[in-house]
Structures are given as C-alpha cells and as structure tokens.
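This report refers to the structure that appears directly beneath it.
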Amino acid sequence: MPELQLRPFAPEDTPALCHLYAATTRAINGQHYTRLQVERWAGFADDQAAWCARLGRNLTIVAEQFGQIVGFAELEPGGEVGYFYVDAQRQGQGIGTQLMQRLLLLAGELTTTQVHADVSVSAMPFFAAQGFTVVARLEPMVCDAPAPRYRMTRALPPR
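So for the sequence shown, the numbering used here puts the first residue at -8; every next one is plus one.
Structure follows, in structure tokens:
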C-alpha cells in the first residue's frame, strides 16, 4: 500500500470530505438501510459550512494518499468517535485501521478512559475488529423505517 499521510483537518478539506462522506454513504449503507434513509444521511453533506464548523471544533484527522483525501476520522471532546469514513473504493486496505490507531492515541491524551461510538450496521464489524464491544443496539426510526445502530465502546490503556 502506498504511504498514507495522516494530518489534522484544515478548512479547505471540507468540500472533499463532504463528497467522500456522501459518496461512501451511498455506496456502503444501501446494503442495510432504505434508499430514503441513505439519501437523507448523504444529504447532510450539503451544508458545508456546518461541516467545516463541526470538524474544526473537534479533533479531526484526514488521511491522504498521493495528495488525494481517502478518509477521515473525528473525535469529540468526551471521547465520542463521530464521523469515521474511508473512501468506499479503498476500504479493506488498512486505511481505517491507521486512522483508528491515530484516533486512539490522541484519545489517550484526553481525560477520558474509554472511547465510544454509535455505528451503523455496515461499520460494526470494523469497530469490533478494532477492539470495540457492543453495549447496546439502538433502533431509531428514520424516514418511517427502523435504522439499527450499535453503541460500542473501547477502554483505553491506563496512562
């Protein structure tokens, strides 16, 4: 695999991250959710100003290969993993694992003892492989249909 560069989010990344999020949401989540649900979630990327503000106030890491953004991960102050996306065409190449390793390293510098995430059915196997365990199954209704998710946690090593 070509060398992966991990770096902090910069505001000029916003259009590329929004595109990656929407495209990956459409490509991956259609296996487990309705078309209306997927389009609703993908549509969140239309508000680039809100994305820029959110990613800028949280700890956001961007992954690049050959100068192209291929993934990103977001950690909120309380230890919650927010957005965590790898380009659908590049999944299974270790990019997500490297992003998670960096995110966990940075989380260890916070005052939290664990990280947690509410993940889609599509993302659950990846998070489990990264040492997260399911603590609850959530069943929110989105677009008049169940949209199952999993609340997962992972303890951080003592500092």
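All C-beta atoms in this analysis are idealised placements derived from N, C-alpha and C, irrespective of residue type, glycine included.
The beta-bridge partner set that DSSP reports for Val110 consists of Tyr141. Ranked by Cα distance from Arg150, the options Thr102, Cys9, Gln59 and Gly47 are led by Thr102. Here the stretch 60 to 72 makes no contact with the stretch 16 to 32; the two share fewer than three CB pairs at distances below 8 Å.
Around the beta carbon of Asp78, 16 or more other beta carbons sit within 10 angstroms, so the residue counts as buried. Contact check for Val110 against Tyr76 fails: the beta carbons are separated by 7 Å or more.
For Ala1 and Thr124, the gap between their C-alpha atoms comes out near 31 Å. At a Cβ-Cβ threshold of 7 Å, Gln(-4) and Glu55 count as neighbours. C-alpha of Asp4 to C-alpha of Arg81: approximately 18 Å in a straight line. For Ala18, DSSP records no beta bridge to any residue. Beta-bridge pairing by DSSP links Pro(-1) to Ile52. Straight across, the Cα-Cα distance linking Gln22 with Met115 is about 13 Å. In the DSSP assignment, Phe57 falls outside any alpha helix (DSSP H) and carries neither an H nor an E. The beta carbon of Val126 is closer than 6 Å to those of Arg142 and Thr144 in its chain, skipping five residues each way along the sequence. Nearest neighbour of Leu95 by Cα position, chosen from Asp135, Gly83, Ile60 and Ile52, turns out to be Ile52.
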